[in-house]
Amino acid sequence: AQSVAQPEDQVNVAEGNPLTVKCTYSVSGNPYLFWYVQYPNRGLQFLLKYITGDNLVKGSYGFEAEFNKSQTSFHLKKPSALVSDSALYFCAVRGPAGTYKYIFGTGTRLKVLA
Amino acid sequence: EAQVTQNPRYLITVTGKKLTVTCSQNMNHEYMSWYRQDPGLGLRQIYYSMNVEVTDKGDVPEGYKVSRKEKRNFPLILESPSPNQTSLYFCASSSGTSVYEQYFGPGTRLTVT
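Residue numbers (the numbering used here), protein chains in the order written: chain A, 51 to 164; chain B, 7 to 119.
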C-alpha cells in the first residue's frame, strides 16, 4: 500500500539559511509525489510535483525538491528561507493507477526565525 | 477567478442532525475530492469522484456520503454526524489534463457536539 512519512513535526530555521523539509514514501510502481503548503486559515496550495524525469524539481516561491529513488525520499528544499515561508507543509503521494486516491503525510510545521 | 468554494465555512451542530457541506468549482475539472484534516493525522481522503456519477471511497469514508450529479458540484453529506466527525474539511478539484495538481477550497470547520 502507498504511504508517505514526514518524520519531523516542526522545523526551525533562521531567515536566510537553507531549509529542508523531509519526506519519505512507499509505493508499488512509479511514484507520483507532491508538496503542498498551507498558510494559517487557508486551504492547501500546490508547490511542486515529481512525475518522471529530472530528479530535481523546481516549484513555486523558490522551492525545489529532490527525488531520490534509492532512499525513497522526496525532500523539499529552499536555498534561503524567508519569514513568510513559515507555514504547514504536506508531502503527498498518488495512489494506485486508475484511481484518484491520494495519501498525505502528517505535515511539518516550518518556522523561519527573523 | 478560478476557484473552489465551500459552504458553510463554519458549522456547529448536534449529534444526529443531518448536514450537507457544499463544494463547487468553476474550472470545469473532472476530478473532485473531499479530505478531512485532524491534528497529528494530516489530511485523509474521504471520497473522490473521477467524473459525473463516478465516485469512490478514500481512506476514511465511514459516516459520509457524496454525490456527483453535476460536474461543478460535489457535496459532502453527513447523515447522522457524531463528535468524532468534528474536523476541518477540504474539497479539492483537478483537471483531467493535469490530473495531479489539486486546487483546494478554503475549508469548512465542523464541530459536532
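We treat Cβ as the ideally placed atom computed from N, Cα and C, and that holds for glycine.
Taken through DSSP and simplified to helix, strand or coil, Q91 of chain B comes out as helix. Proximity to S53 of chain A across A:Y152, A:D135 and A:K128 peaks at A:Y152, based on C-alpha coordinates. Only residues of its own chain outside the window of five on either side were considered, and among them Y53 have a CB closer than 7 Å to the CB of K63 of chain B, listed in chain order. Per DSSP, the unbroken beta strand (DSSP E) holding E116 of chain A starts and ends at E114 to N118. In the three-state DSSP reduction, V60 of chain B falls in the strand class (E or B). For a Cβ distance threshold of 7 Å, residue set T156 of chain A lies close to G46 of chain B, ordered along the chain.
Residue-level contact by beta carbon fails for L97 of chain A and chain B, as no gap is shorter than 7 Å.
The Cβ atoms of W85 of chain A and L138 of chain A lie no closer than 7 Å to each other. By the Cβ-count criterion, R15 of chain B is exposed, with fewer than 16 other Cβ atoms from all chains shown falling within 10 Å of its own Cβ.
Scanning its chain for C-beta atoms nearer than 6 Å, with the 5 sequence neighbours on each side dropped, one finds around A8 of chain B the residues M33, in chain order. V143 of chain A is not a Cβ neighbour of V162 of chain A, given a cutoff of 7 Å.
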